[in-house]
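Structure first, commentary second.
Protein chains: 2
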Amino acid sequence: MPEKIIGITVKKAENFSEWFTQVVTKAGLADQRYNVQGFIVHMPWAMRIIKQIYRLFEEELERTGHEPVLFPLVIPEENFEREKEHVEGFKPEVFWVTEAGDDKLERKLALRPTSETAFYQMYSLWITSWRDLPLKLYQSVSVYRYEKTTRPFIRGREFLWIEAHDVFATHRQALRQVKEDMENSRKVIWEKLGIPFLFLRRPPWDKFKGAEDTYAADTLVPDGRVLQISSTHDLGQRFAKAFEITYVDKKGKRRYVWQTCYGPGIWRIVAALISVHGDDKGLVLPFDVAPIQVVIIPIYYSDEAKKFVMRKCRRLYLKLKRNGVRSLIDTRDKTPGWKFNDWELKGVPIRFEIGKREIEQGYVTVFRRDLMKREKVEDDKVVDRVFELANEILENLKEKAKKFFESNIVSVKSKKELEKAIKQGKIVKMSFCGREECAEDMREATNGAKVRGTELDFKEGDYGKCVWCGEPAKYIVYVAKAY
Amino acid sequence: MPEKIIGITVKKAENFSEWFTQVVTKAGLADQRYNVQGFIVHMPWAMRIIKQIYRLFEEELERTGHEPVLFPLVIPEENFEREKEHVEGFKPEVFWVTEAGDDKLERKLALRPTSETAFYQMYSLWITSWRDLPLKLYQSVSVYRYEKTTRPFIRGREFLWIEAHDVFATHRQALRQVKEDMENSRKVIWEKLGIPFLFLRRPPWDKFKGAEDTYAADTLVPDGRVLQISSTHDLGQRFAKAFEITYVDKKGKRRYVWQTCYGPGIWRIVAALISVHGDDKGLVLPFDVAPIQVVIIPIYYSDEAKKFVMRKCRRLYLKLKRNGVRSLIDTRDKTPGWKFNDWELKGVPIRFEIGKREIEQGYVTVFRRDLMKREKVEDDKVVDRVFELANEILENLKEKAKKFFESNIVSVKSKKELEKAIKQGKIVKMSFCGREECAEDMREATNGAKVRGTELDFKEGDYGKCVWCGEPAKYIVYVAKAY
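Chains A and B are the protein sequences, given in the same order.
Counting in the working numbering, the first sequence runs from 60 upward without gaps.
Counting in the working numbering, the second sequence runs from 60 upward without gaps.
This is how it looks when you write it as C-alpha cells:
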C-alpha cells in the first residue's frame, strides 16, 4: 500500500498566501504555535539555510573590512532618547524590560529594535583621532519590534538580521560606503541567491528614522507586493551630534564623524527565497545555501539488492563529501516515492537515485529540483556534473526570477493605467510630483500603492505631469503595494 | 624614537585578577564601559574566537545527530511555573519584559535564563510516537540572568552558550546521552582547546533546578578557584510530567519521555582559554581557534627593500590561504617591535618575520607564541612546518595545562590539611559524609570551599571518616573554591 504523500495542497499562482504558509510549515521552516504572538520557533531546516545566508553576507562584509562584534541586547531608555527623530520613530515598537527578580529596575531597558543607540555611545569612547577611522563593525543578531500583525520571515516581533555600523571622516566616504553596501546586497542576494530587486532611494517620509537618506532593496513577491529585503542609510552627522562622536583631524581640528548603517534582512531574504523560487511542489533552493545539496536515495526491493545499492550510495556520499558537497543518504524506512516528495518539498537542488540498473550499467540517475528533470550521468563524471548543475540551477533560477520581476514592472501614463496595474500586482514606474500628501492620497485610493522611491542615479527634473495629481512632476518613481 | 609598547603591566602569578582584566581589555576581547551593569560589548577579537569555538561544538553536536533550532527569547511566566523546582531556582534571576510601546503586557515575559520551558511546551506538540524519538536539538544563543556581581566571560547578566535539549524513550538512552555530552565536552574543551577539567557528579544541593542529576566540568583557574565550563543534566521525567510530553510505544502504550539537557558554557570557555593558557605577555591561543593563525610582519628600512619584502610576504600569504590557514600581513604604520608585542598580546600562535636576510637566504623566521621561540624554516617547507607547529603548540599547551591542573589536586586526611590546601588554591580530594549541613559548615569556615561532587563511576561505600565533621564517610569528593 503506498504511503500517504504529504505535500503542498494549493497552487502558488492561485492562493499565494496559503501556499506560503504551507511551505513554511511543511518544509519544516518554522512552527507558529509558540505561545507568544509574533515569536516563532525556527526549525532545523530554516536554521541551516539561515546559517548559510549569514555566512555569505559575513564573508562579503569581512572582505570589505568589517569586523564582527556583539553589543548588548538591552539599551537604556536614556540612550534611546538622544536622537529625537529616532526615538519618535521606534518608541511605539519597543519592548521594555522593567523588572528583574523581585526588583523593579531603576530605569527601563529596551530590547534592541535596532542598535544605533547601543553602538554609538561606545563609538564616542572609541573614536578620538583620524587614525581611528574608518571604523566598520557588524553584528548578526535578533531584533525585537512590537508589531501588530506578524507573519513568519516577513514581519515578526523577533527577527534575524545583520546590522553594520560604519564611521567615516567625510561625507564622501560615507556615501561610498552606501554604494559598497548595495554592492554587498547585489553580490549575495542577486548573484548567489538569484533574487532580483530594485535598489531605490526612499522618499523623505519613508526614511529610516534618524537617517538623512535611506536606500533600500525591494523584491517582488508573486502576490503582487514588494518586500524590502535590505537597506542602507546615510546617517549624516545626526547621531554623531546626538552622541558626541568626534575625531581630531590631521590638522588638529575636532570634527564630527559621518556615519552609515546597513541592514540585510536575513528573515526577509528567507521569505524571498521561498516566494521567488518556490513552486507548487514546495521550496527550490540554490545550491550554495541548501543545507543538503545532494540527497542520495537508495532503491531496492530485496536484502541482496540492498547490499549493492548501499555500497554504491556510500561510495558516492564519500566522494561528494571529499569534494565539499553537503550530502545525505536517506535510509529512512519509507518508500522512494515518499522520499522524493519530501526532499522536493524541502527544495534540495540535486537528487541521486541509485537502484539495480544504476549499478549494473555504471551510472547515476541525477534529478534536478528546479526543472524536475532526470538525466543519466556516468559514475566517474558525477562529481563534475554536480558542480556544473550547481551553476546551471542558479542560472536557471536567476533567469526565471529576472524574467518574472522585469515583466512585472510597467510604466503608466494615467491614473486608470496605474490603478489597473496595481490591481494586477505590478510595480509601476511613473511621473510623480514629489508631495507626501499626493502619495498618501494615492495610497488610500488604491488600497495600498506606495511610492517606493527613485532610482539611485536619478536627477530631479521636468517629467511632465504627476500621474496621480496632475501637478508638475519632478520625479520618476516606482510605486507598488508593499509588505 | 621607539613607539610606546602597551602591554600587560602585572604578572599573572602575582595578581591574577588584575592580569585577567588587563588581558580582556588590552587584547581587545571586551569593553566593560557599556552603561548597563553586567552587559559587555564583545569586541572583534573575542567574537572571532567565539565563532571558532561555536563551530567546534556545533560540528561535534551535528555529528552525533543534533540539529540546530532557534527558540524565542521570551518565555511567558505561565510556562515558567510548570516545573516547581525549576521556577523556584530561576525566578530570582529572571529579567521580565512587562511593557511594549505604550501597552502594559497582559502577562510578563521572561528573557530566557535557560530554555527548558520554551522548548518543552513545543516538544509536547511534536512528540507523539516512538518514531519521533530520539529528538536531539540545540541552539547557540545568549541567555540572561540577573546576577549581583559580574565579570566578563565568567559571570554576566548576558552570556553566550549552547543549550542542547534531547528526548528519549528510555532512561537508559538518556543516561547514554549524558555520557555523549561529556565526550562532546572532552573532544572540544580538552582535545581541541587543551583545557583540562574534572567531570563531576554534583551533590544533590548543587544540581540544576529541575534535574534529577547534574554532571559538570570544572577547570582550575590560576587564582585557585574552579570554574564550571560545561554541564549536562539527567532531567528524568520531571519536565515530561510538567509539560505532558508523552509518546506511544511500539505496543501502543502511552509513556512519558526521558530528557537530558546539555550546556557548554561558551563564555566560560573563553575565560578558561584566557586563564589557563595566557601568560605575562597576554593571550596564548591554540591554532584551531585563533582568528589569525599566522601573522606576517614585513621588516624593511628602505623603499627599495620594502618592494622585495612585501612581494615575499604576499607570496607567503597566498600560499597559506590556499592551504586554509587564516593569515594576515600587518602593514600598519608601526615598528616591527610594536607589532610583535601587539600580536603576542592577542595570542596569535605563529608569526613570520620577513626581512632582507630572509629574502637573500630563502628562509622564513618563524616565531611560536607559546614558547616565545624563533626558528629558521626554508621557504619551501614553511607551510608543512606551520601545520606541524599547530600540533606542537597544542600538545605543549595541553601538557603544561595538564601538569598545572594535576599538580593542584591533592588528597587530604585532616581538617588542617584541607584548610591549608584550600588556602594554597588547590582542588582537594577527601572523604566526606554526604550531608549538606556539613558541606555548608565547611564552606563557611573555609571562606568558600565547596563540595564539587564525586567522580562519575564513583560507588558509595565506607571511606573512613569525613575529613570535615568526623562522621562516617560514604563518599570521596572533590572540594574547591569556585567562581
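Every residue gets a Cβ at the ideal spot worked out from N, C-alpha and C, and that includes glycine.
**Message:** Quick check: the Cα distance between isoleucine 67/B and asparagine 74/B, rounded to an integer number of angstroms?
**Reply:** Translated into positions along the second sequence, residue 67/B becomes position 8. Translated into positions along the second sequence, residue 74/B becomes position 15. Distance between the alpha carbons of isoleucine 67/B and asparagine 74/B is about 11 Å.
**Prompt:** Residues of chain A with CB under 8 Å from phenylalanine 98/B, in chain order?
**Reply:** Residue 98/B sits at position 39 when you count from the first residue of the second sequence. Correct list: Pro131, Leu132 and Val133.
**Request:** Measure the C-alpha to C-alpha separation of leucine 279/A and histidine 336/A and round it to an integer number of angstroms.
**Result:** Counting from 1 along the first sequence, the entry for residue 279/A is found at position 220. Counting from 1 along the first sequence, the entry for residue 336/A is found at position 277. Looking at the two C-alpha atoms, the distance is approximately 11 Å.
**Message:** Between the alpha carbons of isoleucine 358/B and cysteine 320/A, how many angstroms are there, rounded?
**Reply:** Sequence index remark: in the second sequence, residue 358/B carries index 299 (1-based). Sequence index remark: in the first sequence, residue 320/A carries index 261 (1-based). Taking the straight line joining both Cα atoms gives about 37 Å.
**Prompt:** Nearest chain B C-beta to threonine 157/A closer than 8 Å, yes or no?
**Reply:** Counted from its first residue, the first sequence places residue 157/A at position 98. Interface annotation, threonine 157/A: in contact with chain B, CB-CB separation under 8 Å.
**Prompt:** Is the shortest distance between the beta-carbon of glycine 283/A and the beta-carbons of chain B less than 8 Å?
**Reply:** Start at 1 with the first residue of the first sequence, and residue 283/A comes out as number 224. Judged by the 8 Å Cβ criterion, glycine 283/A is not in contact with chain B.
**Request:** With alanine 159/A as the anchor, note down where its beta strand (DSSP E) starts and where it stops.
**Result:** Numbered from 1 along the first sequence, position 100 holds the residue referred to as residue 159/A. Counted as a single uninterrupted DSSP element, the beta strand (DSSP E) harbouring alanine 159/A occupies residues 154-159.
**C-alpha gap between proline 350/B and phenylalanine 298/A, whole angstroms** = Counting from 1 along the second sequence, the entry for residue 350/B is found at position 291. Counting from 1 along the first sequence, the entry for residue 298/A is found at position 239. The alpha-carbon separation between proline 350/B and phenylalanine 298/A amounts to approximately 31 Å.
**Message:** Would you say glutamine 180/A lies against chain B (beta-carbon separation less than 8 Å)?
**Reply:** Reading the first sequence from its first residue, position 121 is the one you call residue 180/A. With 8 Å as the cut-off, glutamine 180/A counts as an interface residue toward chain B.
**Asked** Does DSSP put threonine 84/B in a helix, in a strand, or in coil?
**Response** On the second sequence, position 25 is the one that residue 84/B refers to. Looking at threonine 84/B - three-state DSSP - the assignment turns out to be helix.
**Message:** Going by beta-carbon coordinates alone, are valine 510/A and proline 263/A separated by less than 8 Å?
**Reply:** Taking the first residue of the first sequence as position 1, residue 510/A is located at position 451. Taking the first residue of the first sequence as position 1, residue 263/A is located at position 204. No, they are not a contact pair.
**Message:** Could you check whether proline 255/A and isoleucine 99/A sit closer than 8 Å to each other, using their CB atoms as the reference points?
**Reply:** Counting from 1 along the first sequence, the entry for residue 99/A is found at position 40. Counting from 1 along the first sequence, the entry for residue 255/A is found at position 196. No, the pair does not count as a contact, with Cβ atoms beyond the cut-off.
**Request:** Could you tell me how far apart the beta carbons of isoleucine 134/B and alanine 177/B are, in whole angstroms, since I believe they sit closer than 8 Å?
**Result:** Here residue 134/B corresponds to residue number 75 of the second sequence, with the count starting at 1. Here residue 177/B corresponds to residue number 118 of the second sequence, with the count starting at 1. The pair is a contact, with the Cβ atoms about 5 Å apart (cut-off 8 Å).
**Request:** Kindly indicate which residue of Gly324/B, Glu119/B and Leu252/B has the alpha-carbon position closest to the one of alanine 460/B.
**Result:** As a first step, residue 460/B must be located in the second sequence, where it is residue number 401. Residue Leu252/B is the option with its Cα nearest to alanine 460/B.
**Prompt:** Hey, is the segment 156-168 of chain A in contact with the segment 110-120 of chain A, meaning 3+ C-beta pairs nearer than 8 Å?
**Reply:** Too few Cβ pairs lie closer than 8 Å, so no.
**Prompt:** Between glutamate 118/A and chain B, is there a C-beta pair that is closer than 8 Å?
**Reply:** Along the first sequence, read from residue 1 onward, the residue named residue 118/A stands at position 59. It does not: the Cβ of glutamate 118/A has no partner Cβ on chain B nearer than 8 Å.
**Message:** Determine, for valine 95/A, whether the minimum Cβ-Cβ distance to residues of chain B falls below 8 Å.
**Reply:** Start at 1 with the first residue of the first sequence, and residue 95/A comes out as number 36. Closer than 8 Å to some Cβ of chain B, the Cβ of valine 95/A qualifies, so yes.
**Message:** Give me the subset of the segment 215-245 of chain B whose CB atoms are less than 7 Å from a CB atom of chain A, sorted by chain position.
**Reply:** Taking a C-beta cut-off of 7 Å against chain A, the contacting residues of the segment 215-245 of chain B are Glu217, listed in chain order.
**Request:** Would you be able to state if there are at least three C-beta pairs under 8 Å between the segment 352-366 of chain A and the segment 410-422 of chain A?
**Result:** They touch, by the three-pair rule.
**Request:** Taking only runs that begin and end inside the segment 144-200 of chain B, name each unbroken alpha helix (DSSP H) of 4 or more residues, in chain order.
**Result:** Those alpha helix (DSSP H) runs which fall completely within the segment 144-200 of chain B and span 4+ residues are 175-185.
**Asked** What do you reckon, are the CB atoms on isoleucine 616/B and proline 323/B nearer than 8 Å?
**Response** With chain B covering 60 to 542 only, the question about residue 616/B has no answer from this structure.
**Asked** Which residue comes first and which comes last in the alpha helix (DSSP H) that contains glutamate 121/A?
**Response** For this step, residue 121/A is matched to residue 62 along the first sequence. Glutamate 121/A -> alpha helix (DSSP H) spans 103-122.
**Request:** For chain B, find out if any of its Cβ atoms is closer than 8 Å to the Cβ of histidine 145/A; answer yes or no.
**Result:** Here residue 145/A refers to the residue found at position 86 when the first sequence is read from its first residue. Histidine 145/A does not count as touching chain B.
**Message:** Can you look up tryptophan 317/A in the DSSP assignment and give me helix, strand or coil?
**Reply:** On the first sequence, residue 317/A is found 258 positions in, with the first residue counted as 1. Here tryptophan 317/A sits in strand by DSSP.
**Prompt:** For isoleucine 481/B versus threonine 513/B, is the C-beta distance shorter than 8 Å?
**Reply:** Against the second sequence, residue 481/B aligns to sequence position 422. Against the second sequence, residue 513/B aligns to sequence position 454. Against a cut-off of 8 Å, the Cβ pair of threonine 513/B and isoleucine 481/B comes out as no contact.
**Prompt:** Closest to aspartate 392/A by CA distance: which of Lys380/A, Gly383/A and Lys365/A is it?
**Reply:** Position 333 of the first sequence, counted from the start, is the residue given in the question as residue 392/A. Among Lys380/A, Gly383/A and Lys365/A, the Cα nearest to that of aspartate 392/A is on Lys365/A.
**methionine 60/A at chain B interface by Cβ criterion, 8 Å** = Here residue 60/A refers to the residue found at position 1 of the first sequence. Confidence is the limiting factor: at methionine 60/A the pLDDT is only 42, short of 50, which leaves the residue's position unreliable, though a coordinate-based value still follows. Judged by the 8 Å Cβ criterion, methionine 60/A is not in contact with chain B.
**Asked** Could you give the C-beta distance for aspartate 272/B and aspartate 293/B, rounded to a whole number, given that I count them as a contact under 8 Å?
**Response** To locate residue 272/B, count along the second sequence from 1; it is residue 213. To locate residue 293/B, count along the second sequence from 1; it is residue 234. Rounded, the Cβ-Cβ distance is 4 Å, consistent with contact.
**Request:** Please check the pair alanine 105/A and valine 329/A, which I expect to be a contact at CB under 8 Å, by giving their CB distance rounded to whole angstroms.
**Result:** Mapped onto the first sequence, residue 105/A falls at position 46. Mapped onto the first sequence, residue 329/A falls at position 270. About 7 Å; that satisfies the 8 Å criterion.
**Request:** Below 8 Å between beta carbons is the criterion; list the residues of the segment 386-413 of chain B that meet it against any residue of chain A, in chain order.
**Result:** Listed by position along the chain: nothing, the set is empty.
**Item:** Short-range partners of chain A found in the segment 328-344 of chain B, where Cβ spacing is below 7 Å
**Value:** The segment 328-344 of chain B vs chain A, Cβ under 7 Å: nothing.
**Prompt:** Is the segment 369-377 of chain A touching the segment 306-313 of chain A in the sense that three or more CB pairs, one from each, lie closer than 8 Å?
**Reply:** With fewer than three CB-CB distances shorter than 8 Å, the segment 306-313 of chain A does not count as touching the segment 369-377 of chain A.
**Request:** Using a Cβ cut-off of 8 Å, pull out every chain B residue sitting near glycine 160/A, in sequence order please.
**Result:** Here the question's residue 160/A lines up with position 101 in the first sequence. Neighbours of glycine 160/A in chain B, taken as residues whose beta carbon is under 8 Å from its own, are Lys150, Pro151, Glu152, Val153 and Tyr205 in chain order.
**Request:** Tell me whether aspartate 338/B sits in a helix, a strand or coil according to DSSP, three-state version.
**Result:** Within the second sequence, numbered from 1, the residue matching residue 338/B stands at position 279. In the structure shown, aspartate 338/B sits in a strand (DSSP, three-state: E or B).
**Asked** Where does methionine 60/A sit, in a helix, a strand or coil, going by DSSP?
**Response** Within the first sequence, residue 60/A is the residue found at index 1, counting from 1. Model confidence at methionine 60/A stands at a pLDDT of 42, short of 50, so the residue's coordinates are unreliable; what they give is reported in the following sentence. Coil at methionine 60/A, not helix or strand.
**Prompt:** From the beta carbon of proline 594/A, is the nearest beta carbon of chain B less than 8 Å away?
**Reply:** Absent from the structure is residue 594/A, since the part of chain A shown begins at 60 and ends at 542.
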